[in-house]
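This report refers to the structure that appears directly beneath it.
Residue numbers (this note's numbering): 3 to 140.
Encoded structure:
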């Protein structure tokens, strides 16, 4: 049995920098947390009942012929386009003002702009539910 000299083993391990180990860990975590569940959902979408059952595109065919699915897709597109049309000019204007001018309160504007990223989604949902309520909202 042949043994590897210790200097060659150290050189091979030395090639693994901390950065490459970190990148590998992030990629592995991404694969486990995103790719695996996504593949599971796709696999279930082409199965008739349980995993391992015959494959079919029945669910996709039902979705393509369902009038309510078409309405949902159209509503989603309208909402998405409307949101972009409203948010893009406002965001561009605020970004320009904060980055290129000396307006007072630029730091406060920058902090407020980060709030949607820092706020948990359920708080936004609760806010929209209260706002849309016939008893409370607008």
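All residues carry an ideal CB built from backbone N, CA and C; glycine is no exception.
Note that the structure is a prediction, hence the values are computed from the model and not measured.
Could you pull out every residue in the same chain whose Cβ sits closer than 8 Å to the Cβ of residue i, ignoring the five residues on either side in sequence?
i          : result
residue 99 : 105, 108, 111
Taking 8 Å as the cut-off, decide whether the C-beta atoms of residue i and residue j are in contact.
i          : j          : result
residue 38 : residue 48 : no
Taking the C-alpha atoms as reference points, what is the distance between residue i and residue j?
i           : j          : result
residue 116 : residue 31 : 26 Å
residue 1   : residue 28 : No statement about residue 1 is possible, as the shown extent of the chain runs from 3 to 140 and does not include it.
residue 82  : residue 19 : 43 Å
residue 94  : residue 52 : 49 Å
residue 85  : residue 75 : 15 Å
residue 120 : residue 62 : 36 Å
Leaving out the 5 sequence neighbours to the left and right, which residues in its chain are closer than 7 Å to residue i when beta-carbon positions are compared?
i          : result
residue 90 : none
residue 55 : 49
Can you tell me where the alpha helix (DSSP H) holding residue i begins and where it ends?
i           : result
residue 128 : 123 to 134
Suppose the cutoff is 6 Å on Cβ atoms and the five residues either side in sequence are ignored; what does the same chain contact list for residue i look like?
i          : result
residue 72 : none
Enumerated in chain order, which unbroken segments of the alpha helix (DSSP H) with a length of 4 residues or greater are wholly contained in the segment 22 to 87? 38 to 47, 60 to 67
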